[in-house]
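For reference, the structure discussed in these notes is given below.
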Amino acid sequence: MKAQVGAGVDFAVLANKVGVFVPSVESGQRVEQGTVLGSVEDRQLVSPVGATVVSVIAARTTVPANYPVVTLRFDGFGLTGDLSNLVATVGNAPFAGKFQVTDGVGPTDCSGVVPLASDASSGAEGQSSTISVSDSYACLIPTDSLVRAGQSAILVVTAQARNDVASLPVTAVAGRLQKGQVRRPDGTVVDVGLGATDGARIEITSGLKAGDAVSATPPDLDPQSK
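Counting in this note's numbering, the sequence shown runs from 221 upward without gaps.
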């Protein structure tokens, strides 16, 4: 995509699983690349770059996967772009990126590709009750790259492909986000876990195994039809 260099980026760090969030930092704290920001159950969240903590949600909050828990401010340059189509395809999987500044540096790897934080509502003791994110993501430009605000660039964002997974046509599945249902040929409705999709097929993470037969018509979820 085409993008423009901007100065200063506020971005969110998302929970990487369902569970209780335990913060390790507080608002106003300066962190370095790799600093542990907190954990959700047994998984640590780390900062992809040196940044300043803007807000942190309340400690011991039970959060779903991909919930924004920390806002960081990167005092450097970034390239922003709308990744709604990519997010709809693969979810909030880790992204990587490269950029080429027009008549300038590149191709160069982004220091991180992160969701932009659009708002943070402050709570008690400097904690945030909510952190809002948008479909826009930012490529954080390495601090040793010679760029300036306003330069144009080409940004390429990628996600890891999933191979050899159980999948079904999306037209056979009711639901698109994490959970759904399918109908077996005998009419039985089965709850299934859903993963990545390429728009035509969708990954089945649980509820079925390779070789199971399902109807091409998904369950009717309209309660008035029952």
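Using N, Cα and C, we set each Cβ at its ideal position, and we do this for glycine too.
Skipping 5 residues on each side, what residues in its chain have a beta carbon closer than 7 Å to that of residue i?
i: Ala394; result: Gly400, Gln401, Pro438, Pro439, Leu441
i: Gly298; result: Gly226, Val229, Ala358, Cys359, Leu360, Ile361
i: Val266; result: Gly254, Thr255, Val256, Leu257
i: Glu261; result: Lys237, Gly239, Val240
i: Gln264; result: Val256
i: Pro405; result: Ala433, Ser435
Starting from the Cα of residue i, find the closest Cα among the options and give me that residue.
i: Ala430; options: Leu303, Pro335, Ala420, Val412; result: Val412
i: Lys222; options: Thr282, Glu261, Asp355, Leu375; result: Leu375
i: Asp381; options: Val276, Asp418, Ala392, Arg368; result: One point to set straight first is that residue 381 is Ala, not Asp, in the sequence displayed. Comparing Cα positions, the closest option is Asp418.
i: Thr391; options: Ile422, Asp329, Ile277, Ala278; result: Ile422
i: Pro243; options: Ser259, Gly407, Arg250, Val333; result: Ser259
i: Ser387; options: Gly324, Asp302, Leu428; result: Leu428
i: Ser365; options: Arg293, Cys330, Gln398; result: Cys330
Ignore the nearest five residues each way along the sequence and tell me which others in residue i's own chain have a CB closer than 8 Å to its CB.
i: Pro284; result: Ala235, Val238
i: Ala369; result: Val225, Gly226, Ala227, Phe297
i: Tyr251; result: Correcting the residue type first, residue 251 is Val in the shown sequence and not Tyr. Around Val251: Val245, Leu257, Ser267, Gly270, Ala271, Thr272, Val273, Leu292.
i: Arg396; result: Val390, Leu414, Thr417, Ile422
i: Arg280; result: Val240, Phe241, Val242
i: Ala436; result: Pro389, Thr391, Ala392
Take residue i and list the residues in its own chain whose beta-carbon comes closer than 6 Å to its own, dropping the five residues that flank it on each side.
i: Ala232; result: Pro288, Thr291, Pro335, Ala337, Ile351, Val353
i: Ser372; result: Gln224, Thr322
Where residue i and residue j are concerned, what is the direct C-alpha to C-alpha distance, given to the nearest angstrom?
i: Thr255; j: Gly326; result: 27 Å
i: Asn305; j: Asp355; result: 9 Å
i: Thr363; j: Val240; result: 34 Å
i: Ser342; j: Val276; result: Its pLDDT being 48, under 50, Ser342 is placed unreliably in this model, and the value from its coordinates should be taken loosely. One C-alpha to the other measures close to 9 Å.
i: Ala271; j: Gln249; result: 9 Å
i: Val410; j: Asp432; result: 11 Å
i: Val245; j: Gly317; result: 27 Å
i: Leu414; j: Asp384; result: 15 Å
i: Thr282; j: Phe294; result: 27 Å
i: Asn286; j: Gln398; result: 12 Å
Considering only the beta carbon of each residue, do residue i and residue j sit closer than 8 Å?
i: Phe319; j: Ala379; result: no
i: Val307; j: Val377; result: no
i: Val269; j: Ser247; result: no
i: Val367; j: Gly301; result: no
i: Ala420; j: Pro389; result: yes
Does the Cβ of residue i have 16 or more other Cβ atoms within 10 Å, making it buried, or fewer, making it exposed?
i: Pro443; result: Caution is warranted here: a pLDDT of 48 is assigned to Pro443, below 50, making its placement in the model unreliable, and no coordinate value can be reported.
i: Val434; result: buried
i: Arg403; result: buried
i: Ser426; result: exposed
i: Leu303; result: buried
i: Gly407; result: exposed
i: Ala344; result: Unreliable positioning characterises Ala344 in this predicted model, as indicated by a pLDDT of 48, which lies under 50. The coordinate reading is nonetheless provided below. Exposed.
For a test of your reading of the model: does the CB of residue i fall under 7 Å from any non-hydrogen atom of the ligand MG? Yes or no.
i: Gly301; result: For the structure depicted, the ligand MG is absent and the ligand set is empty, with no information on it obtainable.
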